[in-house]
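Just so we're aligned, residue 132 is where the sequence shown starts under this note's numbering, counting upward by one. Quick notes on the structure that follows.
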Amino acid sequence: MQERHEIHFLLNGQLVSLPDVGASQTLLDFLRINRRLTGSKEGCAEGDCGACTVLVGRLAAGVLRYEAVNACIRFLATLDGCHVVTIEHLRGSGGGLHPVQQAMVDFHGSQCGFCTPGFIMSLYALWMEVPEPSPAQVETAISGQSLPLYRV
Ligand code: FES
């Protein structure tokens with residue numbers, strides 16, 4: 132097997148190639164510092180609050196499946212071959228708000244707004260699998276419990 136010193140992944144649909152990724156560099160730092168994608172927030176920085184939630188897609192049995200992950204505790208080096216989707220990439224079919232974002236507006240779901248992108252990405256992951264979820268499914272999706280992988 133040939134040794135490689137760089138990783139390749141998609142970030143919001145664009146190919147990213149990175150040489151010599153540090154073993155402890157987090158996805159959140161890469162997004163916010165290197166790519167200026169500051170929609171994903173750092174709250175606790177230890178995987179508890181969900182303000183940093185993004186989606187990570189990976190091929191599984193020939194199907195691209197997505198899961199909501201905490202970018203603050205996900206190491207960048209683990210993303211080789213993945214598709215990372217951030218809040219900046221989310222939009223509706225006409226280019227406006229995605230239905231999840233619109234529901235957040237319509238039902239006054241945001242308070243100060245700091246963690247709202249994380250809530251939306253968790254709900255987006257649920258919406259991909261269950262477009263009309265029950266209240267219990269919504270609560271599970273935003274509770275931080277481990278979520279199943281979703282297809283697109
Ligand atoms: S910043 Fe709180 S879970 Fe990542």
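Even for Gly, the Cβ is constructed at its ideal location relative to N, Cα and C.
Backbone secondary structure at residue i - three-state DSSP
i      : result
Pro150 : strand
Glu134 : coil
Asn143 : coil
Val283 : Because Val283 carries a pLDDT of 42, less than 50, the predicted location of this residue cannot be relied on, and the following value inherits that uncertainty. Coil at Val283, not helix or strand.
Val261 : coil
Thr217 : coil
Thr169 : coil
Under 8 Å between C-beta atoms of residue i and residue j
i      : j      : result
Val185 : Thr209 : no
Gly212 : Phe140 : yes
Glu219 : Asn143 : yes
Thr157 : Ile204 : yes
Tyr255 : Leu221 : yes
Met235 : Ala199 : no
Span of the alpha helix (DSSP H) around residue i
i      : result
Ala234 : Pro230 to Asp237
Ala272 : Pro266 to Ala272
Burial state of residue i (16 or more Cβ within 10 Å)
i      : result
Ile273 : buried
Asn201 : buried
His214 : buried
Arg282 : Below a pLDDT of 50, predicted positions are generally treated as unreliable, and Arg282, at 47, falls in that range; no measurement from the model is reported.
Leu162 : buried
Ser155 : exposed
Range covered by the beta strand (DSSP E) that runs through residue i
i      : result
Glu198 : Val194 to Asn201
Ala208 : Unbroken run through Ala208: none, as it is neither H nor E.
Thr184 : Thr184 to Ala191
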